[in-house]
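A.B. asks: According to our numbering, the sequence shown is numbered sequentially starting from 65.
Note that beta-carbon positions come from the ideal geometry of N, C-alpha and C, so glycine has one too.
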Amino acid sequence: MKPSTGTSSTLFRNAARATAAFGLAAALAAPLGATAATAAAPAATPPGFSCHTGVHNNDEYTGFALCTNNSGSTQTFWVHLVCGWAPDVDGEHVTLAPGGTGQSTAHCGRIGTGIGEIHVRP
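#1: Closest by CA to N133, which one among Y125, V153, G112, G180?
#2: Alpha carbon to alpha carbon, what distance is there between A161 and C131?
#3: Select from V143, I175, G136, T159 the residue whose C-alpha is nearest the C-alpha of E181.
#4: Please report the distance separating the alpha-carbon of R174 from that of G166.
#5: Using C-beta distances below 8 angstroms, list every residue in its chain close to P110, excluding the 5 sequence neighbours before and after it, in chain order.
#6: In the DSSP assignment, what residue or residues form a beta bridge with N133?
#7: Between T115 and the rest of its own chain, which residues show a CB-CB distance below 8 angstroms, the 5 nearest in sequence each way excluded?
#8: Given that a residue counts as buried once 16 or more other Cβ atoms are within 10 Å of its Cβ, and exposed if not, what is S137?
#9: Counting C-beta neighbours from all protein chains within 10 Å, is the total for T159 16 or more, i.e. buried, or is it exposed?
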């Protein structure tokens, strides 16, 4: 009996390597290729507020929450940014009287991959 030349096992091994390389490339490209505008998930708005969140036009590492207090009492909010590889950050706490509008901003560290999510915290 003639020993196997390994052709089918070589094909299998090459296919497995290609699949692994493609999977690794896709996993690395997803966080690096995602833009801040598409990565930032819509924020859950705390009760009593109406808020608009977003990423700064000139700096994709800066996020904001612009909120109006629609309740009948004074309330405080702040923006929370999920920053990928850098530590997450909170913006300044903003206290609003009823009917008041204010903005909280925060900045992700440059070692990270930019803003992944923007949340408004009460």
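C.D. replies: Answer, in terms of the structure:
#1: For N133, the nearest C-alpha among the options comes from G112.
#2: Approximately 12 angstroms between the Cα atoms of the pair.
#3: When only C-alpha atoms are compared, the closest one is V143.
#4: Their backbone Cα atoms lie some 26 angstroms apart in a straight line.
#5: Excluding sequence positions up to five before and after P110, its CB lies within less than 8 angstroms of the CB of Q139, F141, V184, R185, P186, all in the same chain and listed in chain order.
#6: Per DSSP, F113.
#7: Note that residue 115 corresponds to Cys in the displayed sequence, not to Thr. Sequence-distant Cβ neighbours of C115 in its own chain, meaning closer than 8 angstroms and more than five residues away, are A107, T109, A129, L130, C131, T132, F141, V184.
#8: So S137 counts as exposed.
#9: With fewer than 16 Cβ atoms within 10 Å of its Cβ, T159 is classed as exposed.
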